[in-house]
Amino acid sequence: MGAPPGASDEAIVSGYRATRDPDLFRVLVERHQDRVLRLVASILGPFADRDAEEVTQEVFVRVHERLDTFRGESRFSTWLHRLAYNRAVELRRRARLRFAHVPCEDLAAAPAPEGPHEAALESERERAVARLVEELPDVYRAVLHLHYWMDQSVEEIAGTLDVPAGTVKSYLARARARLRERARARGIQGLE
Amino acid sequence: MHDPAEPLIRRALRRRPPPRLGPAFAEEVLRRLVADQQRAVPRGRAAARRGLAVATWLLAGVASVAVLAHVEWSTGPRALAWGLALVAVPLAYSATLWPGRFLALLALCGGPLPGGASEQPPGARTR
Numbered sequence: 013m014g015a016p017p018g019a020s021d022e023a024i025v026s027g028y029r030a031t032r033d034p035d036l037f038r039v040l041v042e043r044h045q046d047r048v049l050r051l052v053a054s055i056l057g058p059f060a061d062r063d064a065e066e067v068t069q070e071v072f073v074r075v076h077e078r079l080d081t082f083r084g085e086s087r088f089s090t091w092l093h094r095l096a097y098n099r100a101v102e103l104r105r106r107a108r109l110r111f112a113h114v115p116c117e118d119l120a121a122a123p124a125p126e127g128p129h130e131a132a133l134e135s136e137r138e139r140a141v142a143r144l145v146e147e148l149p150d151v152y153r154a155v156l157h158l159h160y161w162m163d164q165s166v167e168e169i170a171g172t173l174d175v176p177a178g179t180v181k182s183y184l185a186r187a188r189a190r191l192r193e194r195a196r197a198r199g200i201q202g203l204e
Numbered sequence: 003m004h005d006p007a008e009p010l011i012r013r014a015l016r017r018r019p020p021p022r023l024g025p026a027f028a029e030e031v032l033r034r035l036v037a038d039q040q041r042a043v044p045r046g047r048a049a050a051r052r053g054l055a056v057a058t059w060l061l062a063g064v065a066s067v068a069v070l071a072h073v074e075w076s077t078g079p080r081a082l083a084w085g086l087a088l089v090a091v092p093l094a095y096s097a098t099l100w101p102g103r104f105l106a107l108l109a110l111c112g113g114p115l116p117g118g119a120s121e122q123p124p125g126a127r128t129r
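As they're listed, the protein sequences go chains A and B.
Just add 12 to the spot in the first sequence (first one is 1) and you have the working numbering.
Just add 2 to the spot in the second sequence (first one is 1) and you have the working numbering.
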């Protein structure tokens, strides 16, 4: 069987509940897998892409377990993203307890790409800012990634985090302010 | 309002290439779901076994109390009987839950008795 082309996620969910046809669930997975992966990867941080794939798989298993609790009060994608976000944040917190923190100075010691002076400087600045983002608290790091890396709108992020859009705007502003403060403290230019 | 820091943050985050999933990802998820469902069946069996153990334990407890309440013994034997019952009830419970360990315990207790496992001097070789 399978889903008719163009069927909404919600229609597929109710179809799957009624028939338990694995092809319907496969459609849901294929539709959302890349976005869920990027969401999870943005929370887990760089160097954890393999973990991100594993967590993405786990998220879909959880979705399957809890599909009967989906009431349709929000869009399926919002519900799915919220579930993925919560799981990834939980894992990141646990991982922080397991793995030693890498000092920022060590990361900064990584060689910069060769090339014309200005380009190398710019590249180094970008790398420094990316490192500063990784040091931010979970929620600020998440909103920055969702907005600037995943191109999610403020409304989409609000759905994922289950907070009002105004709160997301304020998180974004505060995240940028913190970045600016830290950049100033370390002599990184370009964020003023 | 536009923040002048935005372009740099965007460029900084986009340095990281988006991760990619393997082509068989959806297939793997479905396989994992099937495996989880198959694992759920023995879990049901374990719950039934635990239920049986609790029922046995309760039955042994009630029977002990019923017998002991009707026996007219003097204080000494009565205390001994209560003591035995208090040992027998948890043993009955463990025997149903972990029959292997229970048998091992019996074998261990039976070791020092006549006919039980003989103690060997260190270094003795068995054939």
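Beta carbons: idealized from backbone N, C-alpha and C, even for Gly.
Just so it is clear, the structure is predicted and the values come from calculations on it, not from any experiment.
Top-ranked residue by Cα proximity to residue i, from the options
i: S54/A; options: A37/B, P6/B and R16/B; result: R16/B
i: G199/A; options: P17/A, R137/A, F88/A and T179/A; result: R137/A
i: R106/A; options: R47/A, L173/A and D150/A; result: D150/A
i: L95/A; options: E193/A, R47/A and A23/A; result: R47/A
i: R153/A; options: R32/A, P58/A and R43/A; result: P58/A
i: V36/B; options: G178/A, L156/A and F37/A; result: F37/A
i: A19/A; options: E77/A, T81/A, A60/A and F88/A; result: F88/A
i: L32/B; options: A23/A, V75/A and V180/A; result: V75/A
i: N98/A; options: E167/A, D63/A and D174/A; result: D174/A
i: P101/B; options: P79/B, R52/B and T77/B; result: R52/B
Proximity below 8 Å, CB of residue i to CB of residue j
i: L191/A; j: H159/A; result: no
i: L79/A; j: V25/A; result: yes
i: A7/B; j: L203/A; result: yes
i: A94/B; j: T58/B; result: yes
i: V52/A; j: A100/A; result: yes
i: L23/B; j: Q45/A; result: yes
i: G27/A; j: S86/A; result: no
i: D1/B; j: V73/A; result: The first residue shown for chain B is 3 and the last is 129, placing residue 1/B beyond what the model contains.
i: L56/A; j: V67/A; result: yes
i: L156/A; j: A189/A; result: no
Simplified DSSP state of residue i, which is helix, strand or coil
i: V175/A; result: coil
i: A196/A; result: The question names Ala, yet the displayed sequence has Arg at residue 196/A. R196/A: helix per DSSP, three-state reduction.
i: W84/B; result: helix
i: H113/A; result: The predicted position of H113/A is uncertain, since its pLDDT is 46 and thus under 50; no value can be drawn from it.
i: R18/B; result: coil
i: P124/B; result: Low local confidence applies: a pLDDT of 47 at P124/B is under 50, so the model's placement there is unreliable, and no value is given.
i: W100/B; result: coil
i: R87/A; result: coil
i: L184/A; result: helix
Cβ neighbour criterion (16 or more within 10 Å) applied to residue i
i: W84/B; result: exposed
i: P21/B; result: buried
i: A132/A; result: exposed
i: E74/B; result: exposed
i: V91/B; result: buried
i: W91/A; result: buried
i: W161/A; result: buried
i: T81/A; result: exposed
i: Q164/A; result: buried
i: L110/B; result: exposed
i: A68/B; result: exposed
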